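Its first residue numbered 3, the sequence shown is counted upward by one per residue in this note's numbering. Glycine included, C-beta positions come from ideal geometry on N, C-alpha and C. In this text, all values refer to a predicted model and were calculated from it rather than measured experimentally.
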Amino acid sequence: MKPLYKKVLDRITPSKKELFAEKKLVEEIRKKLSKIEGKHSHLEWCGSSARGTHLLGDKDLDLFLMFEKSLPANELEGEGLRIAKQIFGENKWELAYSQHPYVRGEINDFEVEIVPSYIVAKGSEKQSAVDRTPFHNKYLLKKMKVKQRQEVRLLKQFLKGIHAYGADLKNQALPGYGVELLILKYGNFDKAIKAISKWGEKEVILFEKRERKAESEFINPLIIIDPVDENRNVASALSVEQYNKMKLAAKKFIEKPSEKFFFEFEIIIWSKEKIIKELKKREFLAIQADFPKNTLSDLVWGQLRRYLRKAANALEEKDFMVKKTNLWSDEDKVFFLYELNALTLPKIKKVFGPPATDTLNADKFLTKKRKLISKPKIEKGRIVIEIEREEVSAQKALLQFVNTCKKEEKEGIRECLKNAEVLTENDILKHYKGHFAEHLTKYLEGKETFE
């Protein structure tokens, strides 16, 4: 295994030149800060770059501008933004938002974030979510051995290779801090992979004693209790699908270790002929929409997933059975995919009522206002009526839902749906190119890239 790991680490470990450049920039920012008058205390360098666990090319610097907790929130915000803007100077920057605004931008080819934060005694006493981050940094710097940094890099790249890494809601994956905690828990990459392959339906990872049972408090498949704040699950964003993918990948890797688990190999896109042949075996509809602009990406992805489920529920309410749903976006266009049992249904629908012997409920069932096609019957002891379906076309039912949502949904998703269209299989084929073609190929193949 060592030659494989060395080969991977050679490709993902930042160079000495890159490490020197980032440390130099932090020193320059600290020097600049020392000349700025204000109510701040000091600057803390946090994140994976501060701990030496980041990957090659990850040029993110997370800098926390620390203030005493006695400072009112409005002053923290005002002072934090004023000082951050001075640090960026003529460099490109923009306002971003967490629980309060912060400044992010580019300095010397590094993506720099300067986040105002309170000095608190411990992570659980935070006044805002960002206040616990410096404690993450202190905890890991104290607990993690130097040699474990490369083990973290291996596990990060493994999860990146199988698309189960990152803190954003787009991927619903495991954040970098969670990966570091797994290495801290299991010791090294090999032991972590072995443990992941044996995880059950629900896995709880603790670092400190805890009186309350995490299983009853959190509903997630993976629960990593934050050692600096026991009320937080570090893996809260991880979906069931991603959790199962991690377990499968770990098992497959143990069976046959390969570089393909760490680096995604090029997907061989199916020809249009092959796609047409495969689509003939299935029943597909899709909604094509625009990715909302000027809205936080994480907020958008949450809304898109909610809408994906909502549309599927609307189809099922009209008796269309949705086998699978899928969401894809390049943050320009959005495709909501629905695989159904059938695209059309019979005009006549049988409705089964209560047992004929249940006279009270039978009367209620029969007196309900409905347009009956024929007289009520009794089948296997139950009252049965036949009525005409409101809609027999899945395409029309979905289009009706989309048009209704254009008026009723919240601002972000409403912007997304402004020019939304319902696509048939032939319409989907017109968009079969680029990254969407890769995604559709992968979906229809029905297997992961590492399999």
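From the DSSP output, in three-state form, read off residue i for me.
i	result
P356	strand
G178	helix
Q2	Because residue 2 is not part of the residues shown, which for the chain are 3 to 453, the question remains open.
H44	strand
P74	coil
S395	strand
W303	helix
E266	coil
L345	coil
Y434	coil
N2	Outside the shown range of the chain, which is 3 to 453, sits residue 2, and nothing can be said about it.
E210	coil
R53	helix
E203	coil
L21	helix
K374	Reading the sequence as shown, one finds Leu at residue 374 and not Lys. Note: L374 maps to strand in three-state DSSP.
V298	Sequence inspection shows Leu at residue 298; the Val mentioned does not correspond to that position. Looking at L298 - three-state DSSP - the assignment turns out to be coil, as it is neither helix nor strand.
L58	coil
D321	coil
L240	coil
A314	helix
H165	coil
N246	helix
P5	helix
E453	coil
T406	helix
N222	coil
T15	coil
Could you name the residues that DSSP lists as bridge partners for residue i?
i	result
Y141	Y141 is not bridged to any residue.
I385	I380
R106	E96 and E115
I121	E70
E390	I350
Y340	L287 and T327
K335	D292
L171	The partner list for L171 (beta bridge, DSSP) is empty, contrary to what the question assumes.
E423	Q290
I227	N235
D64	C48 and E115
Nearest to residue i by alpha carbon, out of the options?
i	options	result
D133	E108, M68, K282 and K204	M68
K335	I270, K4, G436 and A131	G436
S119	S43, K25 and R32	S43
N405	S395, N421 and L368	N421
F263	G163, D292 and L186	G163
E440	S331, K382 and Q402	S331
A313	H102, V424 and R155	V424
A98	V114, S72 and R308	V114
L157	A251, K370, E453 and E388	A251
L186	L442, I270, A364 and K145	K145
R311	N296, L298, I89 and N328	N328
E77	G40, D64, N110 and K19	G40
V28	K61, E280, I14 and K4	K61
I116	R106, K373, K34 and H138	R106
K408	Y188, L161, D292 and F90	D292
K193	Q150, A123 and E217	Q150
A123	E70, S17 and E243	E70
N296	F191, E333 and G59	E333
A86	I380, I38 and K215	I38
G448	E92, K326 and F267	K326
So residue i and residue j are in contact, right, with Cβ under 8 Å, and what is the actual spacing, rounded?
i	j	result
L208	I227	5 Å
K352	V386	6 Å
N233	S126	6 Å
P103	E46	The Cβ separation is near 18 Å, so there is no contact.
C48	F22	Their Cβ separation, rounded to whole angstroms, is 19 Å, which puts C48 and F22 out of contact at 8 Å.
F337	F265	About 26 Å; that fails the 8 Å criterion.
I289	L400	7 Å
E453	K276	19 Å between Cβ atoms; not a contact.
Y426	L287	Note that residue 426 corresponds to Thr in the displayed sequence, not to Tyr. So it is a contact: roughly 7 Å between Cβ atoms.
A396	L317	6 Å
Y309	I389	Incorrect: roughly 30 Å between the Cβ atoms, too far for contact.
K247	E450	7 Å
E210	L224	Between L224 and E210 the Cβ distance is about 18 Å, and since that is not below 8 Å, they are no contact.
I14	R212	Going by Cβ atoms, the distance from I14 to R212 rounds to 34 Å, so no, they are not a contact pair.
Next on the checklist: Quick check: the segment 168-182 against the segment 235-242, are at least 3 beta-carbon pairs closer than 8 Å?
Outcome noted: yes
Checklist entry - Counting Cβ pairs closer than 8 Å, one from the segment 342-351 and one from the segment 313-328, do we hit at least three? => result yes
Item to check | Segment contact, 8 Å Cβ cut-off, at least three pairs: the segment 295-303 with the segment 197-214 | outcome: no
Checklist entry - When the Cβ atoms of the segment 43-55 are set against those of the segment 175-183, are three or more pairs found closer than 8 Å? => result yes
Next on the checklist: For the segment 377-384 against the segment 349-369, do three or more pairs of beta-carbon atoms, one drawn from each stretch, fall closer than 8 Å, so that the two count as touching?
Outcome noted: yes
Item to check | Meets three-Cβ-pair contact criterion under 8 Å: the segment 84-96 and the segment 6-19 | outcome: no
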